[in-house]
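Colleague:
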Ligand code: LLP
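Numbering (the numbering used here), first residue to last: 1 to 420.
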């Protein structure tokens, strides 16, 4: 459920008309609903309420905006981070260092040092050498690194190949068959408190069965590790729950997911860590855009909007579907292609789709753009970096400014030796 609804024929975010935001801030612009974010956070927490000990670390790669993180921090969420930049953001948003989980297959030594210095709660180690380097650095800094070993359970998550992470050929985690040996070698290191295991098999998952299979394998590994004398008090179950980009395709609910986790992990006697991203923020955001032209095409017209692949990369990268709706629908429909102004054929949001009829100058939205939207934006074609707005009831605020090409140009330098 979200709070982007029509009131008197005009699409609103909570109690604010999107037409008003377009007038005040311009387009394209991402718009987040605070009430939707809070609702999703609460639904996710409620889904896990039957589990004895849990910690939720929002995967901030999905939406690292400080205002969004602030709302989630107030809900008691920590952060799953994958870079030094994300550590800085989580702390800047008021998340506690202890509530930060550091994932990622390529953490640099500088990032490991930053994380140790900040005193983050958990390192998710992706390869043996990383664990050894981390232990050595922690010892030098007089610290103990709290860590879990990320295991690749070799299951097919049944999602898009580019966002699948749990098959043996993927770059993530250590092969589950090698986990025992690596764990034994790393757990002997003095400055490392290796206390559990982690897995994350992919994103936008629509089937709980692969997750259940992965968790069952993790459960067996936990038993084997304990039998070998290792103290295990944490298991990180990752993220990945899908969201309904298309209204008639409904993913498993957080409650279904929670019930499955409760069944599979019964008796594990650990703190379960979760890293949801998309399911929390996906439907809490839309991308507001204005139609520049309706250009006649051979088979059907092209609706050319002022948002492009640099603002919302998902359709170009993953052939992703994002619902398109007029801000002031007339009731008329049309079949059209929807594309942005970027000079690439890939800058296409939809082909031959039935949509609300629109004319040049009309406002429209792409739905379900709160996850992996603004955060993946670029300035390709020297376009401005898209701004973000948060709505809260009747008020709204710009929570990320539009970064204009002038600011980007000012950060570039032509060396003196090129000027003569
Ligand atoms: N934990 C780890 C270790 C991850 O790699 C990810 C996502 C998550 C948690 C959060 O997954 P979520 O709950 O959001 O599915 N840009 C792509 C998605 C990439 C996901 C990367 N990892 C997209 O737009 O679909």
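Just so you know, even glycine gets a beta-carbon here, dropped at the ideal spot from N, CA and C. No experiment lies behind these values; they were computed from the predicted model shown.
Are there 16 or more other CB atoms within 10 angstroms of the CB of residue 200, so buried, or fewer, so exposed?
Modeller: Taking the chain shown and counting its residues from 1, the one referred to as residue 200 is at position 200. By the neighbour-count rule (16 or more Cβ atoms within 10 Å), residue 200 is buried.
Colleague: Of all residues in the structure, which have a C-beta closer than 5 Å to any heavy atom of ligand 1, taken in chain order?
Modeller: Taken from the N-terminal end onward, the list reads 59, 62, 103, 163, 200, 203, 238, 239, 240, 275, 276, 277, 278, 314, 372.
Colleague: For residue 325, write down the residues that DSSP places opposite it in a beta bridge.
Modeller: If you number the chain shown from 1, residue 325 lands on position 325. According to DSSP, which records beta bridges pairwise, residue 325 is partnered with 365.
Colleague: Over the uninterrupted beta strand (DSSP E) stretch that includes residue 13, give me the two end residues.
Modeller: As a working mapping, residue 13 is identified with position 13 in the chain shown. Element bounds for residue 13: 10–13.
Colleague: Using CA coordinates, which residue listed in 135, 172, 233 is at the minimum distance from residue 272?
Modeller: Taking the first residue of the chain shown as 1, we reach residue 272 at position 272. Selected option, being the one with the closest Cα: 233.
Colleague: Please go through the same chain and pick out, in chain order, the residues whose beta-carbon is closer than 7 Å to the beta-carbon of residue 295, but skip the five residues on each side of it.
Modeller: For the purposes of this step, residue 295 is taken as residue 295 along the chain shown, with counting starting at 1. Answer for residue 295: 301, 302, 304, listed in chain order.
Colleague: Less than 7 Å between the beta carbons of residue 279 and residue 243, yes or no?
Modeller: As a position in the chain shown, residue 279 is number 279, starting the count at 1. As a position in the chain shown, residue 243 is number 243, starting the count at 1. A contact, by the Cβ cut-off of 7 Å.
Colleague: Would residue 80 be called buried (16 or more neighbouring beta carbons within 10 Å of its own) or exposed?
Modeller: One-based indexing of the chain shown puts residue 80 at position 80. With 16 or more Cβ atoms within 10 Å of its Cβ, residue 80 is classed as buried.
Colleague: Is residue 256 helix, strand or coil when you go by DSSP?
Modeller: Looking up residue 256 in the chain shown gives position 256. Residue 256: helix per DSSP, three-state reduction.
Colleague: Let's test the definition: count the other Cβ atoms within 10 Å of the Cβ of residue 8 and tell me whether it reaches 16, buried, or not, exposed.
Modeller: To locate residue 8, count along the chain shown from 1; it is residue 8. By the neighbour-count rule (16 or more Cβ atoms within 10 Å), residue 8 is not buried but exposed.
Colleague: Return the first residue and the last residue of the alpha helix (DSSP H) that residue 71 is part of.
Modeller: Working through the chain shown from its first residue, we reach residue 71 at position 71. It spans 66–74 - the alpha helix (DSSP H) in which residue 71 sits, taken as one unbroken run.
Colleague: Could you tell me the distance, in whole angstroms, from the CA atom of residue 216 to the CA atom of residue 238?
Modeller: Along the chain shown, one-based indexing puts residue 216 at 216. Along the chain shown, one-based indexing puts residue 238 at 238. Whole-angstrom Cα-Cα distance: 14 Å.
Colleague: Which residues in the same chain have their Cβ closer than 6 Å to the Cβ of residue 254, if we skip the five residues on either side of it in sequence?
Modeller: Walking along the chain shown from the start, residue 254 turns up at place 254. Once the five neighbours on either side are set aside, the close Cβ partners of residue 254 are 43, 44, 47.
Colleague: Nearest-angstrom Cα distance between residue 287 and residue 367?
Modeller: Mapped onto the chain shown, residue 287 falls at position 287. Mapped onto the chain shown, residue 367 falls at position 367. Cα to Cα, the separation comes out at about 7 Å.
Colleague: Kindly indicate which residue of 310, 62, 289 has the alpha-carbon position closest to the one of residue 358.
Modeller: Translated into the one-based positions of the chain shown, residue 358 becomes position 358. Of the candidates 310, 62, 289, the one whose C-alpha sits nearest the C-alpha of residue 358 is 289.
Colleague: If contacts are defined as beta-carbon pairs under 8 Å, then residue 197 and residue 235 qualify, I think. What distance do you get, rounded to the angstrom?
Modeller: Within the chain shown, residue 197 is the residue found at index 197, counting from 1. Within the chain shown, residue 235 is the residue found at index 235, counting from 1. Indeed they touch by this definition, with Cβ atoms about 6 Å apart.
Colleague: Out of 111, 123, 112, state which residue places its alpha-carbon closest to the alpha-carbon of residue 100.
Modeller: For the purposes of this step, residue 100 is identified with residue 100 of the chain shown, where counting begins at 1. Considering only alpha carbons, the answer is 123.
Colleague: Under 7 Å Cβ to Cβ from residue 339, same chain only, skipping five residues before and after it: list those, please.
Modeller: What you label residue 339 is simply residue 339 of the chain shown in a count that begins at 1. Excluding residues within five positions, the ones whose Cβ falls inside 7 Å are 302, 304, 347, 348, 349.
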